[in-house]
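Student: In terms of the working numbering, the sequence shown opens at residue 1 and continues consecutively.
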Amino acid sequence: MSSRGSAAGAPVDYRAVMRDGHWLAHRYDPGADVVRFVRLSREDHARATFITDEYLPADRPALALHRGEVVAAAAQPARLNLVLHSAFCCSTLVARALDLPGVATTLKEPVILNDLVGCRRQGMDPERLAPLLRDALILLARPLQPGEGVVVKPSNIVNGLAPAMMAMRSDIHALILYAPLRVFLASVARKGMWGRLWVRELFAGLHAEGLVQMGFEPGDYIKQTDLQIAAVGWLAQQALFVRMVARFGSQRIRTLDSEHLLRQPAAAMGAIAALFSLTIDVAAVVAGPAFTTSSKTGDTFGADDRAREQREGLSLHQDEVDKVAIWAEAVAKAAGIPMVLPAALIAV
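In structure tokens, the structure reads:
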């Protein structure tokens, strides 16, 4: 058996690749039915804000292997849990906090899942997409160290596939993280033009997947401001999360907002560990780099810095945020979407 697209073209031991979690299932090519793997150390994972090409070493070893052959060589997958989120809510912080040698491997926004979202949005038949998603979960459930669990924090563009993931594997538990609406809107506004473009792209994807059900006519959205579109995207994700809790129950899914995570980090991390069946030193985790440094720069950055950043961002856009939040709350009430999700992880 040979590796398709590898530099040397040498034979590949598929079972050895599947036993070695350092080979990350990175991309999927539907035309060739090939999975592209890259080899990453735990340090590579830790240094990368997300495991996307932008943040990965340029000289990383790579393999391109036929999906059917590589999945056939898979051993029993490890425990797999999900950190789902609606953006700007400390999900990367949680993923960093849970990346503990001997306990868990965390995968921050694996691109192979984004590739499957692309397949879906390009009209791939669901009967063809389902086995691809099942195989991607098998390929991702391979820890860096034997005995570890695997925690996957997908990009939030993957949220539309989350119910299918939960249905495919009854052992998956999920934490749903979200920011309160005003915090979310202030984060978007603070990021300027790029934040506003991003929420429009998010909205377009959610709308294409049929996840935006607010009672508006199609032509209404073009009349809405950037922050109104951001609020609609936030509400669409809230509605999806509510349906997931109702379908899969609070034994498998719990929810947490970013502000309670930051106010009660020890309680939150202890409860997350219990939900995911992980044994962690909560005090060490809360005192560690995930809670005390920036995921993007590595600079010192704690809860007080986050609070200050939020206040400063909100102060610049207070009027717009307040007006849009009041509007969104009325839309939510009419659509029956709660502003606070059920199945809270910790008492609030």
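Glycine included, every Cβ here is placed at the ideal spot set by N, Cα and C.
Whole angstroms are fine: how far does the CA of F37 sit from the CA of S2?
Tutor: Note that S2 has pLDDT 37, beneath the 50 cutoff, so the model's placement of it is unreliable and the number below is only indicative. C-alpha separation (whole angstroms): 14 Å.
Student: Closest to D257 by C-alpha separation, out of V183, T49, E69 and H173, would be which residue?
Tutor: Minimum Cα distance to D257 is reached at V183.
Student: Here's the rule I'm using: 16 or more other beta-carbon atoms within 10 Å means buried, otherwise exposed. How should R252 be labelled?
Tutor: buried
Student: How would you label T225, buried or exposed, when you count the other beta carbons within 10 angstroms and need 16 or more for buried?
Tutor: Exposed, by the Cβ-count rule.
Student: Use the C-beta contact count for Q237: other C-beta atoms within 10 angstroms, 16 or more gives buried, fewer gives exposed.
Tutor: Buried.
Student: Please state whether DSSP places P126 in a helix, a strand or coil.
Tutor: It is helical.
Student: For a quick check, are the C-beta atoms of A107 and V34 less than 8 Å apart?
Tutor: Rather than Ala, the amino acid found at residue 107 in this sequence is Leu. No, the pair does not count as a contact, with Cβ atoms beyond the cut-off.
Student: Which two residues bound the contiguous alpha helix (DSSP H) that contains Y14?
Tutor: Y14 to R19
Student: What are the residues that DSSP puts in a beta bridge with I253?
Tutor: A174
Student: Contact check, A136 vs A25 under 8 Å by CB: the rounded distance?
Tutor: 7 Å
Student: Label A58 either buried or exposed according to how many other C-beta atoms from any shown protein chain fall within 10 Å of its C-beta, with 16 as the threshold for buried.
Tutor: exposed
Student: Have a look at the DSSP bridge pairing and note the partners of K108.
Tutor: K153
Student: Using a Cβ distance threshold of 8 Å, determine whether the segment 269-282 contacts the segment 165-175, with at least three qualifying pairs required.
Tutor: Short answer: they touch.
Student: Give me, in chain order, the residues of the same chain whose beta-carbon lies closer than 8 Å to that of L262; leave out the 5 immediate sequence neighbours on both sides.
Tutor: Within the same chain, Cβ atoms closer than 8 Å to the Cβ of L262 are found at C90, A303, R306 and A307, the five residues on either side in sequence being excluded.
Student: Measure the beta-carbon distance from M18 to R196 and round it to whole angstroms, keeping in mind my assumption that it falls under 8 Å.
Tutor: Actually they do not touch by this definition, with Cβ atoms about 42 Å apart.
Student: Report the rounded CA-to-CA distance for A332 versus M339, giving the unit in angstroms.
Tutor: Computed Cα separation, rounded: 7 Å.
Student: Starting from R60, trace the alpha helix (DSSP H) in both directions and tell me its first and last residue.
Tutor: Counting along the chain, R60 falls outside any alpha helix (DSSP H), and DSSP gives it neither H nor E.
Student: Count the C-beta pairs between the segment 185-196 and the segment 280-299 that are closer than 8 Å, then say yes if the count reaches three, no if not.
Tutor: no
Student: Compute the Euclidean distance between the alpha carbons of R4 and P30, then round it to the nearest angstrom.
Tutor: Residue placement at R4 is flagged as unreliable, the pLDDT there being 42, under the threshold of 50; the coordinate-derived value follows with that caveat. Looking at the two C-alpha atoms, the distance is approximately 14 Å.
Student: Excluding the five sequence neighbours on either side, which residues of its own chain have a C-beta within less than 7 Å of the C-beta of A75, listed in chain order?
Tutor: M18 and R19
Student: Which residues mark the beginning and the end of the alpha helix (DSSP H) in which D29 is found?
Tutor: Element bounds for D29: not the alpha helix (DSSP H) but the beta strand (DSSP E), W23 to D29.
Student: Would you check if the segment 109-127 and the segment 39-57 touch, i.e. whether three or more CB-CB distances between them fall below 8 Å?
Tutor: yes
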